[in-house]
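Undergrad: Residue numbers (the numbering used here): -19 to 60.
1) Is the separation between the beta-carbon of residue 9 and that of residue -5 shorter than 8 Å?
2) Note down, one range per segment and in chain order, each alpha helix (DSSP H) of at least 4 residues found wholly within the stretch -5 to 40.
3) Alpha carbon to alpha carbon, how far is residue 26 from residue -1? Give it in angstroms, no decimals.
4) Does DSSP classify residue -12 as helix, strand or coil?
5) According to DSSP, simplified to helix, strand and coil, what is residue 53?
6) Looking at residue -10 and residue 20, is the spacing between their C-beta atoms short of 8 Å?
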């Protein structure tokens, strides 16, 4: 049985770099990034519609439409 784990560490680091860049400038943030050798390598590069394949985009649209139908159904049947 495979076990997968993950954490929000990179999100916190990315946010910290944004704050440092805002307060001290992008060069300082980049120097810190280099100092800790933070060089993330995500498994895919499809986080923007311009980068995603047509198949991935179509699947995302299909899944979202299905989820939205379920949400609409639940909202229509709320007892208010």
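Even glycine gets a Cβ: it sits at the ideal position worked out from N, Cα and C. Predicted model, so just to flag it, every value in this text is computed and none were measured.
TA: So, from the listed chains and residues:
1) In the chain shown, residue 9 corresponds to position 29, counting from 1. In the chain shown, residue -5 corresponds to position 15, counting from 1. Not closer than 8 Å, so no.
2) Listed in chain order, they are 6 to 15.
3) The residue labelled residue -1 in the question sits at position 19 within the chain shown. The residue labelled residue 26 in the question sits at position 46 within the chain shown. When rounded, the distance between both Cα atoms is 25 Å.
4) In the chain shown, residue -12 corresponds to position 8, counting from 1. Look at residue -12 here: in three-state DSSP terms it is coil, with no helix or strand label.
5) Numbered from its first residue, the chain shown carries residue 53 at position 73. For residue 53, the secondary structure class from DSSP, reduced to helix, strand or coil, is helix.
6) The residue given as residue 20 occupies position 40 in the chain shown. The residue given as residue -10 occupies position 10 in the chain shown. For the pair residue 20 and residue -10, the CB atoms are nearer than the 8 Å cut-off.
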